[in-house]
Amino acid sequence: METLRIEVRRPGVAQVTMARPAVFNAFDEAMIGEMDAAFAQLIGDDSVRIIVLAGEGKHFSAGADLQWMQRASTASLEWNVADARRFAGMLARIEASPKPTVARVQGAALGGGFGLTAACDIAIASSSASFSVSEAKFGILPAVIGPYVIQAVGKRQARRLALSTERIGADEALALGLVQRVVAPEQLDAAVDEMLLQLLAGGPNAQREIKTLFAQLPVGEITPETVELTAQTIARVRGTEEAREGFAAFLGKRPANWIPL
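Numbering of the sequence shown is given in UniProt numbering, commencing with residue 1 and proceeding in unit increments.
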């Protein structure tokens with residue numbers, strides 16, 4: 001791939017690194033297509049349990065490549081719809097990945113870079129990282145990333161960030177729930193690796209089931225339908241081979257067979 005690097009970070013873990021540091025890993029049509037293909041490939045690879053998303057160089061991602069956006073501003077509506085659908089599909093694939101996803105964030109995460117952070121299950125940031133929903137500065141809006149921003153920080157904070165385009169630091173991103181841990185820049189990789197070890201200790205089927213179930217659970221009222229869904233799900237999963245192995249490993253005081261040695 002021309003815009004990405006895909007490598008094994010450790011057994012069971014693949015890392016997708018945006019590799020356009022000269023433009024702060026801003027993405028265009030090519031990177032969107034390659035990102036979508038990379039995640040599709042890794043989701044289908046049984047040797048991969050966790051996917052890390054990273055950016056090469058000083059910054060995670062400056063969001064949309066401005067030359068790409070300028071081309072879009074003069075293109076037809078039909079071209080823009082098809083182009084936007086590709087971007088929307090890529091973000092949806094990352095968010096719906098049945099395998100845990102971890103964003104490793106340093107430097108700036110702006111616009112679509114903010115969206116990529118929000119689309120991952122877990123985000124770990126350098127204390128020097130900064131974040132902005134910056135689209136309104138260019139006369140456009142964060143439409144495609146909007147659902148992920150709202151899901152990450154809540155509607156009112158998302159509205160504030162999108163309207164003001166304010167750049168926030170890592171500590172505020174932590175307080176808002178956009179990222180789950182902030183560490184010194186030199187500790188970023190160690191913190192990511194610590195999280196990976198915790199994720200690898202969980203059963204892969206259990207993690208797929210968690211993502212599937214949680215995607216169906218509404219925020220707010222717990223309805224009879226939700227209660228029944230949760231009961232049916234745990235009843236089914238408790239009888240799986242992975243569950244039997246998990247209980248046997250715990251009682252036998254040994255690692256489960258899915259944990260890389």
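Where is the CB? At the ideal position from N, CA and C, for every residue including glycine.
For this session: Answer with buried or exposed for A152, where buried requires no fewer than 16 other C-beta atoms within 10 angstroms of its C-beta.
Result: Label assigned to A152: buried.
Exercise. Would you say F60 and Q15 are within 7 Å of each other, going by their C-beta atoms?
Worked result: For F60 and Q15, no; Cβs fall outside 7 Å.
For this session: Could you tell me if G115 is buried or exposed, where buried requires 16 or more neighbouring beta carbons within 10 angstroms of its beta carbon?
Result: Per the 10 Å Cβ criterion, buried.
For this session: Can you grab the Cα-Cα spacing for the pair W258 / S76, in whole Å?
Result: Each residue's Cα considered, the two are about 50 Å apart.
Exercise. Can we say the segment 91–108 touches the segment 48–57, given the rule of at least three CB pairs closer than 8 Å?
Worked result: In short, these stretches touch, since the Cβ pair count reaches three.
Exercise. Anyone know if the C-beta pair for G203 and E242 falls short of 7 Å?
Worked result: Yes, they are a contact pair.
Problem set entry | Proximity to D36 [Cα-Cα], best of A22, V133 and M1 | Considering only alpha carbons, the answer is M1.
For this session: Taking R9 as part of the beta strand (DSSP E), name the residues at either end of that continuous run.
Result: Following the DSSP letters along the chain, one finds R9 inside the beta strand (DSSP E) bounded by residues L4 to R10.
Exercise. For G63 versus G111, is the C-beta spacing smaller than 7 Å?
Worked result: A contact, by the Cβ cut-off of 7 Å.
For this session: Check whether the Cβ atoms of A231 and G246 lie closer than 7 Å to each other.
Result: Not a contact, by the Cβ cut-off of 7 Å.
Exercise. Near P142, which residues of its chain fall below 6 Å by C-beta distance, leaving aside the five closest residues on each side in sequence?
Worked result: Excluding its 5 nearest sequence neighbours in each direction, P142 has C-beta neighbours in its own chain below 6 Å: V133, E135 and A162, listed in chain order.
Exercise. To the nearest angstrom, how far is it from the Cα of G177 to the Cα of R159?
Worked result: If you take the alpha carbons of G177 and R159, they lie about 15 Å apart.
Exercise. Applying the criterion that 16 or more other CB atoms from any shown protein chain within 10 Å of the CB defines a buried residue, is D28 buried or exposed?
Worked result: With 16 or more other Cβ atoms from the protein chains shown falling within 10 Å of its own Cβ, D28 counts as buried.
Exercise. Quick one: is R104 near chain C, going by C-beta distance under 7 Å?
Worked result: Judged by its chain identifiers, the structure shown contains no chain C, having just a single protein chain.
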